[in-house]
Structure formats: structure tokens, C-alpha cells
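Here is the structure we will look at, set down as C-alpha cells.
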Amino acid sequence: MARVYNFSAGPAMLPEAVLQKAQSEMLDWHDSGMSIMEMSHRGKQFMSVYEQAESALRRLMNIPENYKVLFLQGGASSQFAMIPMNLLRGKTSAAYINTGAWSKKAIAEAKRYATVHIAASTEDNKFCSAPTADQIDLPAESAYLHYTPNETIGGVEFSYVPDSGDIPLVADLSSTILSRPIDVSKFGLIYAGAQKNIGPAGLTVVIVRDDLIGQTLDGTPTMFDYKTHADNGSMYNTPPTYGLYLAGRVFEWLEQLGGLSAMAEINERKANKLYAAIDGSDFYSNPVAKDCRSWMNIPFTLANAELDGLFLEQANAAGLVTLKGHRSVGGMRASIYNAMPEAGVDALISLMAEFEQKHA
Ligand SMILES: *Cc1c(COP(=O)(O)O)cnc(C)c1O
5 MARVYNFSAG PAMLPEAVLQ KAQSEMLDWH DSGMSIMEMS HRGKQFMSVY EQAESALRRL
65 MNIPENYKVL FLQGGASSQF AMIPMNLLRG KTSAAYINTG AWSKKAIAEA KRYATVHIAA
125 STEDNKFCSA PTADQIDLPA ESAYLHYTPN ETIGGVEFSY VPDSGDIPLV ADLSSTILSR
185 PIDVSKFGLI YAGAQKNIGP AGLTVVIVRD DLIGQTLDGT PTMFDYKTHA DNGSMYNTPP
245 TYGLYLAGRV FEWLEQLGGL SAMAEINERK ANKLYAAIDG SDFYSNPVAK DCRSWMNIPF
305 TLANAELDGL FLEQANAAGL VTLKGHRSVG GMRASIYNAM PEAGVDALIS LMAEFEQKHA
């Protein structure tokens, strides 16, 4: 079967060139006679793969020297707990911005360890926007300010980085990391599960300013302490070696493409044309405020929800898969991460136009 355009929110598409490279190196990596998966994580061969991946990510994101890059497991969801465990640093409260489903999960977990102050919430607006900078209320005693720059389910993306002053800013970048350049120095900590824009599920990237490491809550498990991983180059235990190898190949692919500014140009163009198709029709709609629309996750509904099933059926037949919206939102959701070719977005737009003509 030909490869399809997969609009899944995650695990999501990987660049075809990366999969082909992985296939060609599967049985015998660089004349080692082994697959990467079969190698010691502490051996010279795997260490070179590891170091290449870290240095490529540092170059791509322009990560300052005083930040550690940790390659962990447990998904972004484990970070919901690790962040308060590590970043409270003797304080008792932390501030969170609530912009949707993922913010809420982070907040619920933080409440197990800290008093959570909701610095801003767009719940009254059904999570169809991000707060403006002047709506964010950040008490001076907060240990950090956490937010979700891109809400994967609602399709809401901040168009700015909140200014938290001296209070460390923490961002769940799971669904928008590497989609455009960001200024890492504005953040205390950035984290992301890999399965959207980095590589396969099972790898979690944490980028943390080094002065924030080493003051964990009493009773924090060794594996949940950033210091454990920072002191051991993410090799305290066995890291997800194959995931790291693939992430490294994705970073290489991004560098060949021209880095994050080049990627941003493509992403903006892809998103803009899909939003234009939605806005230009009376049949499709997207509820998110225009200045907060995600480049990565684009939910849309049909004027008649009874046609959802037929739309999905015809999309599937055309090789456009996993477009069904999240159960909490309904309708459709097109996740168009870095690896979604522009041709996939074009094919979706054509199908939408055809479907509208026949059924509107
Ligand atoms: C997917 C996602 C998560 C959950 O990631 P896991 O790796 O499955 O734990 C958390 N936050 C955001 C914004 C996401 O998109």
C-alpha cells in the first residue's frame, strides 16, 4: 500500500526520508554488524549517536550553554509531576495558565505537591483563545509559571512568550517544539514528549536551566530528580536508545531543510492555507480566535455533524487518515506537524472543497 497522509495528533507522521534511512541502517548500523537497538548504550558507537543528537538539537534550538538537555522516558505526563518535585525549591506555590485539556492535566498533578495559583484561564471562553499578556496574574511568591504554548486538543497556540520576570517560565512544548524558532533563554524549563514533532513515542526531551537543578522535594525518587540525569548525561539507566537514534535523524533532516526558520515558513504556509479554506467556506468552521490559532493542530467542524462519518470515509479512501476530532471537541482535527508534507495539506483542502460541493 502507498503511504498515506496521517493527520494523527500523536504518535504522528515521521519524515519519510528518516524512515528510509532507519530502514537502510536497521540490520547493520555503520558496519557494526548490529542494529542500533542491540548496542550497549555506553559503547562508543551508541555514544556517538547520542552526542550527535544532543548537539544537533542544541544547534537547531540555539540552546545556551547553561541549559542541560535531558533525554528521559515517561512522556510529557511524567513531567507534570517532575516539574513541581524539582522546581518548587522550598517554595509552596506555583502558577499555571489554564488554556485547555493539557494545562488541566498539568494543574491536577501539580496540586498533589503545591498550592496552584491559576494565573489566567480561558475556560470561560471555552478554551477558544489564549490569555493576553495583561490578563496573566503572577504572584511574586510563585516558584514558577507553567503554560502550554500549544494546546493539542483545542488547537490554541500562544502567539507570544509570557514575561514572567525573574520567576522561571516552564513550557509544555510537546506539540509545537521545533515548529519554529524560540528563544530558549526566556524559559527555565521546556519539555516535550517526542511523538509529535521529534520522533517515536517513548522519548521525552527536557531542556532545563542548570541553576534550577538539584533542589528536589524530600522523597523524590532518584529517577524523578533532574540532577540524576544531568549528572549522568541521561545515562543513569538505559535511555530509549532507538528513539534517540531516530530523533537524531529527525534533527539531521531539519538541519538539511534549513533549520527552524525554514521549517517555520513551511508550517505557517501549510496552516494558513488550511485556515483560509475553512474560513472561506460556510460549510467548515474553526472556533479559535484568529490570533491564537495553532500551526500544528487544526480542529474543524462540518456544518452538519451527521456528515462526519461520510467525510471520514471519503478521506480514508483518498489516503487522508486519522482526521477524526478529539472526543471532547468532535468534528475533525488535522494535525499537521513538521513531517506532514505540504502536499498532504493540499490534498486535504481539495477533498474538503469536493465534499462541500457535493454535500453542502
Ligand atoms: C501529547 C501531549 C502530552 C502527553 O504526552 P505523553 O508523552 O503522552 O505523556 C502532554 N502535553 C501536550 C501539550 C501534548 O500534546
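In the working numbering, the protein residues as written are 5 to 364. Glycine included, each C-beta is placed from N, C-alpha and C at the ideal position. Because the structure is a prediction, the values reported are computed rather than measured.
Could you check whether the Cβ of residue i sits closer than 7 Å to any heavy atom belonging to ligand 1?
i: GLY262; result: no
i: SER178; result: yes
i: GLN199; result: yes
i: ALA80; result: yes
i: PRO106; result: A small fix is needed here, since residue 106 is Trp in this sequence, not Pro. True, at least one ligand heavy atom lies under 7 Å from that Cβ.
i: ALA156; result: Per the sequence shown, residue 156 should be read as Thr rather than Ala. Under cutoff, so the answer is yes.
i: GLY14; result: yes
i: THR103; result: no
i: THR152; result: yes
Under three-state DSSP, which class holds residue i?
i: GLU20; result: helix
i: ILE282; result: helix
i: ARG63; result: helix
i: TYR246; result: helix
i: ARG184; result: coil
i: ALA137; result: helix
i: ILE302; result: strand
i: ASN70; result: coil
i: ARG46; result: coil
i: LYS274; result: helix
i: VAL209; result: strand
i: VAL254; result: helix
i: GLU145; result: coil
i: ASP176; result: strand
i: ASN10; result: strand
i: LEU221; result: coil
i: LYS328; result: strand
i: VAL160; result: strand
i: LEU76; result: strand
i: TYR54; result: helix
i: SER39; result: coil
i: SER289; result: strand
i: ASN129; result: helix
Determine the contact status of residue i and residue j, defining contact as a CB-CB distance below 8 Å.
i: ASN10; j: THR326; result: yes
i: HIS45; j: PRO204; result: no
i: ASN301; j: ARG331; result: no
i: TRP257; j: VAL22; result: yes
i: ALA26; j: LEU250; result: yes
i: ALA343; j: PRO19; result: yes
i: ILE171; j: SER133; result: no
i: ALA307; j: LEU355; result: no
i: SER168; j: PRO68; result: no
i: SER285; j: GLU346; result: no
i: PHE228; j: ALA57; result: no
i: TYR164; j: LEU177; result: no
i: ARG297; j: GLU127; result: no
i: VAL212; j: LEU64; result: no
i: THR156; j: ALA268; result: no
i: GLN24; j: SER36; result: no
i: LEU278; j: VAL174; result: no
Kindly indicate the opening and closing residues of the alpha helix (DSSP H) around residue i.
i: PHE359; result: 346–363
i: TYR230; result: 230–235
i: ASP312; result: 312–321
i: PHE84; result: 79–91
Where does the unbroken beta strand (DSSP E) through residue i begin, and where does it stop?
i: ILE194; result: 193–197
i: THR119; result: 119–125
i: SER339; result: 336–339
i: ILE111; result: Looking at the DSSP string, ILE111 is not in any beta strand (DSSP E); the run it does join, the alpha helix (DSSP H), is 105–114.
i: ILE101; result: 97–102
Excluding the five sequence neighbours on either side, which residues of its own chain have a C-beta within less than 6 Å of the C-beta of residue i, listed in chain order?
i: ALA234; result: LYS72 and ILE217
i: GLU42; result: none
i: PRO291; result: CYS132
i: ALA275; result: TRP299
i: MET89; result: THR220, LEU221, THR224 and PHE228
i: ILE181; result: ALA196 and ASN201
i: SER238; result: LEU74 and PHE75
i: ASP295; result: SER163
Identify, in the order they occur along the chain, each residue of the same chain with its Cβ nearer than 8 Å to the Cβ of residue i, setting aside the five sequence neighbours on each side.
i: TYR100; result: SER107, ALA110, ILE111, ALA114, VAL120, HIS121, ILE122, ALA123, LEU149, HIS150 and TYR151
i: ALA198; result: PRO204, ALA205, GLY206, LEU207, THR208, VAL209, GLY247 and ALA251
i: SER97; result: ALA118, THR119, VAL120, HIS121, PRO143, GLU145, SER146 and ALA147
i: GLY334; result: THR305, ALA309 and ASP312
i: ALA351; result: TYR9, ALA322, GLY323 and LEU324
i: ASP32; result: MET38 and SER39
i: LEU316; result: LEU327, LYS328 and MET336
Are the C-beta of residue i and some C-beta of chain D separated by less than 8 Å?
i: MET356; result: Reference to chain D is not applicable here, since this structure consists of a single protein chain.
CB-CB under 7 Å to residue i, same chain, minus the five flanking residues each way: which ones, in chain order?
i: ASP265; result: One point to set straight first is that residue 265 is Ser, not Asp, in the sequence displayed. Excluding residues within five positions, the ones whose Cβ falls inside 7 Å are PRO185.
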